[in-house]
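Encoded as structure tokens, the structure appears first; notes follow it.
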Amino acid sequence: MKKWILILFAILPSAVFAAGANIPLDKANNDLSDQASLQNGAKLFMNYCFGCHATQYQRYERVADDLGIPLDLMKENLVFNPESKIGDLMTNAIPEKAAAKWFGAPPPDLTLVARVRGVDWLYTYLRSFYADPSRPFGVNNIVFPSVGMPHVLEELQGIPTPVYGKKMVNGEEVSTVIGIETDGTGELNTEEYDNAVRDLVNFLEYSGDPVKLERHAMGWWVMGFLVIFTILVVLLKKEYWRDVH
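Numbering (mature numbering (1 follows the signal peptide of the UniProt record, and there is no 0)), first residue to last: -18 to -1, 1 to 227.
Structure (structure tokens):
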């Protein structure tokens, strides 16, 4: 049963975050070994994303231990529900029916979104919002046209406005959004905002595979063992078959 639940939640973000525009993706170039980046990503996620999106397959305590955050600081600054314990799963309190009414569909759990969509897609998506008064939340997205969520990082980036250019569609040249530019009212400049998004994506990649670095490190030891074992087997084979040949 648990296996099918995991598969369901792996597919759900894909359906909600399905890209509707075929555009080149920017490289995230994030680093899972950068603990400071992961800590900042966790802070950004909890402050800007967790109100709607949970990571219900992660526990506060595990995140704190993996990211080098003291448990008391984690509990004080990143656990917003006073009834939650440090060992609880990272679920939020947004009512599912209300969320479906507000956004058109319940916001998906993001534990596995980096594995489903890819870090480059997430990095580009979060940097591709632009002001669009025709949309319910006043924003649209280059990567995900007609996006159904607000630009939650707008106070960091500032108000992004669209940059238009020409594009060939079915043999006809049409005007389309090819980029964005901000008005400079955000708390961060462009480089700082890109780094903040990279930290957030870094945290989401960690959430989707918390043991990735450990697994990769173990892989080198396994490969080394197999090489040594193969040498020993070959030498042993020669010893056993020496008299026969």
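C-beta: ideal position from N, C-alpha, C; glycine also.
Since we're looking at a predicted model, the values are computed, not measured.
Residue i - DSSP class collapsed to helix/strand/coil
{"i": "T93", "result": "coil"}
{"i": "L217", "result": "helix"}
{"i": "G168", "result": "coil"}
{"i": "A199", "result": "helix"}
{"i": "I141", "result": "coil"}
{"i": "K67", "result": "coil"}
{"i": "V151", "result": "strand"}
{"i": "N122", "result": "strand"}
{"i": "I5", "result": "coil"}
{"i": "G161", "result": "strand"}
{"i": "V204", "result": "helix"}
{"i": "A(-4)", "result": "Below a pLDDT of 50, predicted positions are generally treated as unreliable, and A(-4), at 42, falls in that range; the measurement from the model is reported next regardless. Helix, per DSSP."}
{"i": "V98", "result": "helix"}
{"i": "V226", "result": "coil"}
Per-residue burial, residue i [other beta carbons within 10 Å of its own, 16 or more giving buried]
{"i": "D225", "result": "exposed"}
{"i": "Y222", "result": "exposed"}
{"i": "D54", "result": "exposed"}
{"i": "Q17", "result": "exposed"}
{"i": "N4", "result": "exposed"}
{"i": "F(-2)", "result": "Below a pLDDT of 50, predicted positions are generally treated as unreliable, and F(-2), at 45, falls in that range; no measurement from the model is reported."}
{"i": "V215", "result": "exposed"}
{"i": "I213", "result": "exposed"}
{"i": "V183", "result": "buried"}
{"i": "H198", "result": "exposed"}
{"i": "V151", "result": "exposed"}
{"i": "L217", "result": "exposed"}
{"i": "V159", "result": "buried"}
{"i": "N59", "result": "exposed"}
{"i": "I51", "result": "buried"}
{"i": "A178", "result": "buried"}
Other residues of its chain near residue i: CB distance less than 7 Å, five sequence neighbours each side excluded
{"i": "Y175", "result": "L138, Q139 and G168"}
{"i": "H132", "result": "Checking the displayed sequence, the identity of residue 132 turns out to be Pro instead of His. Counting only Cβ-Cβ distances below 7 Å, and skipping sequence neighbours, we find F119 and V121."}
{"i": "Y107", "result": "N123, V125 and F126"}
Proximity test, Cβ basis, 8 Å: residue i and chain D
{"i": "G190", "result": "The chain labelled as chain D is not found in the depicted structure, where only one protein chain is given."}
Nearest-angstrom beta carbon gap, residue j and residue i [assumed within contact, 8 Å]
{"i": "P192", "j": "R44", "result": "7 Å"}
{"i": "A82", "j": "P90", "result": "Not really, about 12 Å apart at Cβ, beyond 8 Å."}
{"i": "G190", "j": "L94", "result": "5 Å"}
8 Å CB neighbourhood of residue i in its chain, flanking five on each side removed
{"i": "D102", "result": "L7, D8, K9 and A10"}
{"i": "D13", "result": "S19 and N184"}
{"i": "C31", "result": "L92, V134 and L182"}
{"i": "L195", "result": "L14 and S15"}
Span of the alpha helix (DSSP H), counted from its first residue to its last, around residue i
{"i": "V45", "result": "Y42 to L49"}
{"i": "V134", "result": "Premise fails: V134 is in no alpha helix (DSSP H) and is neither H nor E."}
{"i": "F85", "result": "E78 to F85"}
{"i": "Y105", "result": "V101 to Y107"}
{"i": "G23", "result": "Q17 to L26"}
{"i": "V29", "result": "The question names Val, but residue 29 is Asn in the sequence shown. Here N29 belongs to no alpha helix (DSSP H), and DSSP marks it neither H nor E."}
{"i": "L53", "result": "L53 to N59"}
Residues near residue i in its chain [Cβ-Cβ closer than 6 Å; skip 5 each side]
{"i": "N123", "result": "S110, F111 and V129"}
{"i": "G185", "result": "Residue 185 is actually Phe in this sequence, not Gly. Result list for F185: L20, G23, A24 and F27, in chain order."}
Residue range of the unbroken beta strand (DSSP E) whose run includes residue i
{"i": "A113", "result": "F111 to A113"}
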